[in-house]
Structures are given as C-alpha cells and as structure tokens.
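Numbering (my numbering), first residue to last: 1473 to 1612.
Here the structure is laid out as structure tokens; the discussion comes afterwards.
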Ligand code: MC0
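See the structure below:
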C-alpha cells in the first residue's frame, strides 16, 4: 500500500531560517513554497531524492497562527519531526482499507496538499504516536 516515503514534515518557528540551514548543511534545494490556509501552515518542500516510485522531500512547516496543528505542536513539544508522509497510489482506497483495520482517520476524505497532491492524515494516537499522512500525487 505504501509506495515510498514522500516527505518528512518538520515543524519550525522560522521557515526562512530553517530553509537556509537545510540548504547550507545538506545542500538541499527548495522546489516549492506555499501557504496552505486550510492546514494553517507556511511550508517549503526541499527535494532529497528520486526513486522508482517517485521523489522524496523534506517539508519544513511554520504555523500561520498559534492555534493551528503545527502551532500547538510547537508549543507543546518544540521544533522537530511533526509527521511522516507516505506515497500511495489510490488515497481513497487506502483510507477505506486503513479505516477498516480500526485506525482513526483525521481526514475522512482527501484534502489539498503541497504541490497539488491529495493528502489525508491518520490519527497519531492509533499509530504509536506518529502523525501519519497519505499522499497521492501525479508528480514523479
Ligand atoms: C498532536 N499530537 C501528536 C501530534 N500532534 N502526536 C504526534 N505527532 C503530532 N504531530 C498528540 C498530542 O500530543 C496529544 O497527545 C494528542 O495528539 C492531541 O493533540 P492536541 O494538540 O490536543 O490537538 P488536537 O487533538 O486538536 O489535534 C491533533 C491532530 C491535529 C493530530 C488531530 O494536529 C491534526 O488534525 N493534524 C493533521 C493536520 C496537520 O497536522 N496539518 C499541518 C500539516 P496527548 O497525549 O497530549 O493527548 S499540513 C501538511 O503537512 C500539508 C501542507 C502537506 O503535507 O501537504
């Protein structure tokens, strides 16, 4: 069901500072920057690698307001890994299969994600404390 690690989402206080850090330390390149009002984030995708099943990225996330998913996470836990995003071929089918196994879905239906992808989150409390995101994308 899971094709690849699409991205690792990392919560930070200052997006520009963190981009500079990842560029200078790891030599990564920003391929997309977006504001996603629905998710309450300003984010950047930095390309890591290409594989048979598509590309993988580091996603840096800065909250638009304190009262957002990432804002609350930062207040509680500080900067760090916020979620893992896995690539899937058919997100609607994957959500139905996962839900049938008793895992709570944060999103019953896909939402709009970075770089035109369809995304949906699974509840961290049912996945060993890891906020998990499914990503269906046509990009390669
Ligand atoms: C919260 N919890 C987490 C967590 N966020 N655990 C692991 N990883 C995380 N990132 C835990 C809290 O510590 C708490 O545990 C419990 O879940 C409830 O958290 P809360 O702070 O009280 O907040 P809730 O319940 O209002 O919301 C938690 C929930 C929410 C996961 C449902 O953050 C959510 O809907 N997340 C999905 C959307 C999202 O994260 N969007 C931002 C990225 P305790 O033990 O204290 O009860 S958007 C994105 O990434 C897009 C742009 C993309 O990829 O394209």
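Where a beta carbon is used, it is the ideal one built from N, C-alpha and C, also for glycine.
DSSP bridge partner residues for residue i (one or two, in chain order)
| i | result |
| --- | --- |
| residue 1525 | Residue 1525 pairs with nothing; no bridge assigned. |
| residue 1577 | 1594 |
| residue 1483 | 1533, 1552 |
| residue 1504 | 1517 |
| residue 1606 | 1558, 1592 |
C-alpha gap between residue i and residue j, whole angstroms
| i | j | result |
| --- | --- | --- |
| residue 1557 | residue 1576 | 16 Å |
| residue 1514 | residue 1483 | 10 Å |
| residue 1516 | residue 1488 | 9 Å |
| residue 1533 | residue 1542 | 7 Å |
| residue 1501 | residue 1507 | 18 Å |
| residue 1538 | residue 1600 | 25 Å |
| residue 1554 | residue 1545 | 8 Å |
| residue 1592 | residue 1610 | 16 Å |
The ligand MC0 heavy atom lying under 8 Å from the CB of residue i
| i | result |
| --- | --- |
| residue 1564 | no |
| residue 1518 | no |
| residue 1474 | no |
| residue 1591 | yes |
| residue 1582 | no |
| residue 1485 | no |
| residue 1523 | no |
| residue 1538 | no |
| residue 1481 | yes |
| residue 1549 | yes |
| residue 1586 | yes |
| residue 1488 | no |
| residue 1559 | no |
Residue i versus the options, residue with shortest Cα-Cα distance
| i | options | result |
| --- | --- | --- |
| residue 1531 | 1480, 1484, 1550, 1561 | 1480 |
| residue 1509 | 1486, 1536, 1529 | 1536 |
| residue 1583 | 1477, 1496, 1607 | 1607 |
| residue 1597 | 1578, 1505, 1585, 1590 | 1578 |
| residue 1551 | 1485, 1587, 1474 | 1485 |
| residue 1540 | 1512, 1546, 1524, 1492 | 1512 |
Chain B within 9 Å of residue i, Cβ atoms only
| i | result |
| --- | --- |
| residue 1485 | Here chain B cannot be found, since the structure has a single protein chain. |
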